[in-house]
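A quick write-up on the structure given underneath.
There are 2 protein chains.
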Amino acid sequence: MSFDLDQFLPYRLSVAAARISRRFAALYEAEAGLTVPEWRVLAHLDKAGAVSVRDITARVNLEKSIVSRAATRLETAGLVRKSGHSTDRRLVALELTPAGRALMQRLGRIAEDFQAELLAELGDDAAVLGRALTRLTGTEV
Amino acid sequence: MSFDLDQFLPYRLSVAAARISRRFAALYEAEAGLTVPEWRVLAHLDKAGAVSVRDITARVNLEKSIVSRAATRLETAGLVRKSGHSTDRRLVALELTPAGRALMQRLGRIAEDFQAELLAELGDDAAVLGRALTRLTGTEV
DNA sequence: ATCATACTGTTGCATATGCAACGATGTCAA
DNA sequence: TTGACATCGTTGCATATGCAACAGTATGAT
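Residue numbers (the UniProt record's numbering), protein chains in the order written: chain A, 1 to 141; chain B, 1 to 141.
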């Protein structure tokens, strides 16, 4: 018997992730036309305060070049402020502007509503899905 | 309290899918340097026989332009043969060459081994994960 | 103090993607 | 039959990505 792509976990994960990402992107599209990297950087800055590109790279699973470019675009859009690190001058300190914080306030609500929607669709399976994703992703989340 | 990206399902799904895809790509990298679209087209042709670009597009969740270009590359590599459809001349009939079939034989085995590895990592959660992915992906798998 | 080495963030470049034309072909009603 | 309209696969173009190089800065041994 031949190989069945429809039962192949990497394929199914990839399709599911792409669909969910699209659904979510459609929701915040009206609020702000962000790319996925821009959204991740924004969300991380909201939680972490002033951090470097390297920190973001490590925490949100993105290439440093992608983080760098996303940060530049967000700065141009007035959502993020770049400044130099006090002691280590190689580092850039990124932080949200008031406009960035205001936007994340709205996006955070949208994201939480969407999360609730997904959890409702998943019902009892939600907890196990979470555990499975943790296992698949490796030790660190 | 602020929004937590690490608990956000679209993010976690996306990260997990990317990691697993990388792991799998590393496995078949040695066997054949395929892109993900090329791999999907190959796998579908192996199961479906002679089909059109449109059929593949519908079945493997890829843009038609991506399928078209992947098919062209696979043809250049001697893995796929393109021919005209007998009655509807708009359609292209794609099918594996003997070399393509031979490659899929090897890749299918690699994929099944990898699947088994993933299932082992997931343990009891595998079944629930499958069901959750089906729910998230919508009605059709 | 000096030098080799490592690290940070940006940029260049090749490639992949998404979307909208486009030419070619097919369908269907009048 | 003709002509309006739909469909198929390809291609052009703008943008996003991944990787390697790069300049600037820090670190640590001598």
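Virtual Cβ for every residue (Gly too), placed ideally from N, Cα, C. Computed from a predicted model, the values in this text were never measured in an experiment.
Self-check item: B/GLN7 versus B/THR35 - alpha carbon distance
Solution: Taking the first residue of the second sequence as 1, we reach residue 7 of chain B at position 7. Taking the first residue of the second sequence as 1, we reach residue 35 of chain B at position 35. Going by the C-alpha atoms only, they are around 30 Å apart.
Self-check item: Beta-carbon proximity list for B/VAL141, same chain, < 7 Å, skipping 5 on both sides
Solution: Position 141 of the second sequence, counted from the start, is the residue given in the question as residue 141 of chain B. Only weak support exists for where B/VAL141 lies, its pLDDT of 36 falling under 50; the coordinates are left without a value.
Quiz item: B/GLN115: buried (16+ other C-beta within 10 angstroms of its C-beta) or exposed?
Solution: Here residue 115 of chain B refers to the residue found at position 115 when the second sequence is read from its first residue. Its Cβ being crowded by 16 or more others within 10 Å, B/GLN115 is buried.
Quiz item: If you run the structure through DSSP and keep just helix, strand and coil, what is A/ARG101?
Solution: Residue 101 of chain A sits at position 101 when you count from the first residue of the first sequence. In this structure, A/ARG101 counts as helix in the three-state DSSP scheme.
Quiz prompt | Within chain A, the residues that B/ASP55 reaches when beta carbons sit closer than 9 Å | solution = Reading the second sequence from its first residue, position 55 is the one you call residue 55 of chain B. In chain order: nothing, as chain A lies at least about 13 Å away.
Quiz item: Does B/ILE20 have its Cβ less than 7 Å from a Cβ in chain A?
Solution: The count along the second sequence starts at 1 and reaches residue 20 of chain B at position 20. So yes, B/ILE20 belongs to the interface.
Quiz item: Of the residues A/LEU27, A/LEU42 and A/ILE20, which one's Cα is nearest the Cα of A/LEU103?
Solution: To locate residue 103 of chain A, count along the first sequence from 1; it is residue 103. Ranking the options by Cα distance to A/LEU103, first place goes to A/LEU42.
Quiz prompt | Inter-stretch contact (C-beta, 8 Å, three-pair minimum) for the stretch 59–67 of chain A and the stretch 23–33 of chain A | solution = no
Practice problem: For B/HIS85, count neighbouring C-beta atoms within 10 Å of its own C-beta (all shown protein chains included) and say buried if the count is 16 or more, exposed if not. | Solution: Here residue 85 of chain B is taken as the residue at index 85 of the second sequence, counted from 1. Exposed, because fewer than 16 other Cβ atoms sit within 10 Å of the Cβ of B/HIS85.
Quiz item: Looking only at its own chain, which residues have a Cβ that is under 6 Å from the Cβ of B/PRO37, when we skip the five neighbours before and after it?
Solution: Here residue 37 of chain B refers to the residue found at position 37 when the second sequence is read from its first residue. So the qualifying residues of the chain are LEU62, ILE66 and ALA70.
Quiz item: In chain order, what residues of the same chain have a beta carbon less than 6 Å from the beta carbon of B/THR57, not counting five sequence neighbours either side?
Solution: Along the second sequence, read from residue 1 onward, the residue named residue 57 of chain B stands at position 57. The residues are LYS64 and VAL67.
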